Amino acid sequence: TNIPWDVTLSEKSKYDKVFDSLQPVNNMLSGDKVKPVLMNSQLPVDILGRIWDMSDIDKDGYLDRDEFAVAMHLVYQAREGQDIPSIMRPGLVPPSKR
Amino acid sequence: QVPPPSGSTNPFL
Numbered sequence: 065t066n067i068p069w070d071v072t073l074s075e076k077s078k079y080d081k082v083f084d085s086l087q088p089v090n091n092m093l094s095g096d097k098v099k100p101v102l103m104n105s106q107l108p109v110d111i112l113g114r115i116w117d118m119s120d121i122d123k124d125g126y127l128d129r130d131e132f133a134v135a136m137h138l139v140y141q142a143r144e145g146q147d148i149p150s151i152m153r154p155g156l157v158p159p160s161k162r
Numbered sequence: 128q129v130p131p132p133s134g135s136t137n138p139f140l
């Protein structure tokens, strides 16, 4: 539980701005709102599907602020050519959900 | 929150 979150503070503040710009309802974004943002990355849809599965930790079909940051973090990693992990690394889990 | 009607929670499937 003392493992630092992979999402750095500067990343988080950048992703929070995007999150807020998408007009979250009850601090949550539906798949309909997140999908076009992730599609903008030009990554293959199967990769984006895996990123969604990793990010929607409670599997409720919505991303909260921390889950959205995980999704964006993985998108940027994939864009840099890094593999999407097949299992949730401890460092990827937001501290609020450990 | 209402779950999506498709049954899948993944919008990319």
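Residue numbers (the numbering used here), protein chains in the order written: chain U, 65 to 162; chain A, 128 to 140. Glycine is no exception: its CB is placed at the ideal position from the N, C-alpha and C atoms. Quick caveat: nothing in here was measured; it's all calculated off a predicted structure.
Nearest by alpha-carbon distance to residue i: which of the options is it?
i                      : options                    : result
residue 110 of chain U : U:71, U:160, U:139         : U:139
residue 136 of chain U : U:155, U:68, U:83          : U:83
residue 119 of chain U : U:105, U:104, U:95, U:78   : U:95
residue 121 of chain U : U:76, U:154, U:104         : U:154
residue 88 of chain U  : U:131, U:104, U:103        : U:131
residue 85 of chain U  : U:112, U:68, U:161, U:101  : U:101
residue 117 of chain U : U:104, U:105, U:134, U:103 : U:134
Do residue i and residue j have their C-beta atoms within less than 8 Å of each other?
i                      : j                      : result
residue 127 of chain U : residue 157 of chain U : no
residue 115 of chain U : residue 148 of chain U : yes
residue 107 of chain U : residue 143 of chain U : yes
residue 93 of chain U  : residue 139 of chain A : no
residue 136 of chain A : residue 81 of chain U  : no
Can you tell me whether residue i is buried or exposed? The criterion is at least 16 other CB atoms within 10 Å of its CB, across all chains shown.
i                      : result
residue 73 of chain U  : exposed
residue 125 of chain U : buried
residue 159 of chain U : exposed
residue 145 of chain U : exposed
Mapping DSSP to helix, strand and coil, what is residue i?
i                      : result
residue 171 of chain U : The displayed coordinates of chain U run from 65 to 162. Any statement about residue 171 of chain U would go beyond what the structure contains.
residue 140 of chain A : coil
residue 128 of chain U : strand
residue 138 of chain U : helix
Let me check you understand the geometry: is the CB of residue i closer than 7 Å to at least one non-hydrogen atom of the ligand MG?
i                      : result
residue 107 of chain U : As for the ligand MG, it is missing from this structure, which has no ligand bound.
Quiz item: Taking a cut of 7 Å between CB atoms, which residues from the stretch 100-128 of chain U lie near chain A?
Solution: 109, 112, 113, 116, 117, 120, 123, 124, 125, 126
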